[in-house]
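**Q**
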Amino acid sequence: MTATSPTPETSATPPAPAPASAAALHAPVIEWFDTHARDLPWRRPEAGAWGVMVSEFMLQQTPVSRVLPVYEAWLARWPRPADLAKEPPGEAVRAWGRLGYPRRALRLHGAAQAITERYGGDVPSEHAQLISLPGIGEYTAAAVASFAYGQRHAVLDTNVRRVFARAVTGVQFPPNATTAAERKLARSLLPPDEPTAARWAAASMELGALVCTAKGEECVRCPIADRCAWRLAGKPAHDGPARRGQTYAGTDRQVRGKLLAVLREALTPVPQEALDAVWDEPVQRARALDGLVADGLVEPMENGVYRLPLS
DNA sequence: TACTCGTGGAG
DNA sequence: TCTCCAAGAGT
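First residue of the first sequence? That's 1 in the UniProt record's numbering, and the numbers climb one at a time after it.
Here it is, written out as structure tokens:
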């Protein structure tokens, strides 16, 4: 059922009047998704809302391939929010392993506690309730509501932003930070009905992840290449401000990572000397450790001994 | 708004 | 080797 009629009927008021080209994008992208979507564990029905939510936390700034094994172990150990909530936060940090950005583990633990206390242990379905949880922002709230509950939301992640930038706006890359114009565009492109909107969200994201990537687009595999604004314009090069690279070597982040790695792998509290061994510059080392303590990722004990947080 | 916050695989 | 970057959130 290819929707070739770009103009809406003269009936009542649809949720959002889409641009003439909007409806023409839905069918090909969703049909492509039907045959090319990856079989990911959090997309299976048995994952449930908790599985979807855990996956979204882990996938923030982290590739699928690295998330997969940690996700499986996490869900096996904590199949429900209440199972995680009753554990010390340090156990979440430890199980997080080397996924990176360990504050996400702390926030996921805090979200599980809030879900257990405020929502009887069930992941809430309302966007406003989701976004009130620690670690859940605009994107993740929309993603959980859409993927787990089939609701109609603009799910605007980096993949979708790139697809829209190219296919609709006609530029190679989206702006550095999400703009109001992008949100408005995403809303205007949403299919009117709920199930199609949810499908569209997953499909447009998958297209950006597999075909229309940051490294290089593969237009020969793209279901909407024939109507892509950027491609039709001759693929003009990105002109805006250079997207600043993320230097890492020598930063506090690197030191924090080394310190926390020691604590993750230790079965007993760690003496100061063991932490001092990971970085030779004392001022930066102390600043990094203070930061970890301030974030609640590390708990100082007496006599300069440290451990992952018990509370 | 711009910056911080980990990690490791790919080209 | 070095650069880029992978489903963001919080401040």
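Every residue gets a Cβ at the ideal spot worked out from N, C-alpha and C, and that includes glycine.
Whole angstroms is fine: what's the gap from M205's alpha carbon to L130's?
**A** Counting from 1 along the first sequence, the entry for residue 205 is found at position 205. Counting from 1 along the first sequence, the entry for residue 130 is found at position 130. About 20 Å.
**Q** Have a look at E194, A148 and L156 and flag the residue whose alpha-carbon is nearest the alpha-carbon of K184.
**A** Within the first sequence, residue 184 is the residue found at index 184, counting from 1. Of E194, A148 and L156, the residue nearest in Cα terms is L156.
**Q** If we call anything under 8 Å between Cβ atoms a contact, is L275 one with L297?
**A** Translated into the one-based positions of the first sequence, residue 275 becomes position 275. Translated into the one-based positions of the first sequence, residue 297 becomes position 297. Not a contact, by the Cβ cut-off of 8 Å.
**Q** Roughly how many whole angstroms lie between the Cα atoms of P79 and A154?
**A** Residue mapping note: residue 79 aligns to position 79 of the first sequence, counting from 1. Residue mapping note: residue 154 aligns to position 154 of the first sequence, counting from 1. For P79 and A154, the distance between alpha carbons rounds to 28 Å.
**Q** Measuring straight from C-alpha to C-alpha, what distance separates Y139 and P102?
**A** As a working mapping, residue 139 is identified with position 139 in the first sequence. As a working mapping, residue 102 is identified with position 102 in the first sequence. Approximately 19 Å, taken between the alpha carbons.
**Q** So, at 6 Å on beta carbons, what are the nonlocal neighbours of E273 in its own chain, with the 5 sequence-adjacent residues on each side left out?
**A** Counting from 1 along the first sequence, the entry for residue 273 is found at position 273. Result list for E273: empty, nothing under 6 Å.
**Q** So what's C219 in DSSP terms, helix, strand or just coil?
**A** Translated into the one-based positions of the first sequence, residue 219 becomes position 219. Three-state result, C219: helix.
**Q** Output the boundary residues of the alpha helix (DSSP H) element that contains R77.
**A** Along the first sequence, read from residue 1 onward, the residue named residue 77 stands at position 77. First-last of the alpha helix (DSSP H) with R77: V64 to R77.
**Q** Using three-state DSSP, classify P41 as helix, strand or coil.
**A** For the purposes of this step, residue 41 is taken as the residue at position 41 of the first sequence. Looking at P41 - three-state DSSP - the assignment turns out to be helix.
**Q** Which ranges does the alpha helix (DSSP H) cover as unbroken runs of at least 4 residues, wholly within the region 116 to 176, from first to last along the chain?
**A** Within the region 116 to 176, the complete alpha helix (DSSP H) runs of at least 4 residues are 127 to 131, 138 to 147 and 158 to 164.
**Q** Output the boundary residues of the alpha helix (DSSP H) element that contains G264.
**A** Translated into the one-based positions of the first sequence, residue 264 becomes position 264. In the sequence as presented, Gly is not what sits at residue 264; that position holds Arg. R264 -> alpha helix (DSSP H) spans D252 to E265.
**Q** Determine, using beta carbons only, whether residue 317 and A105 come nearer to each other than 8 Å.
**A** The question about residue 317 has no answer, for the chain in this structure spans 1 to 311.
**Q** In whole angstroms, what is the alpha-carbon distance linking P175 and Q61?
**A** Taking the first sequence and counting its residues from 1, one reaches residue 175 at position 175. Taking the first sequence and counting its residues from 1, one reaches residue 61 at position 61. Going from the Cα of P175 to the Cα of Q61 covers about 17 Å.
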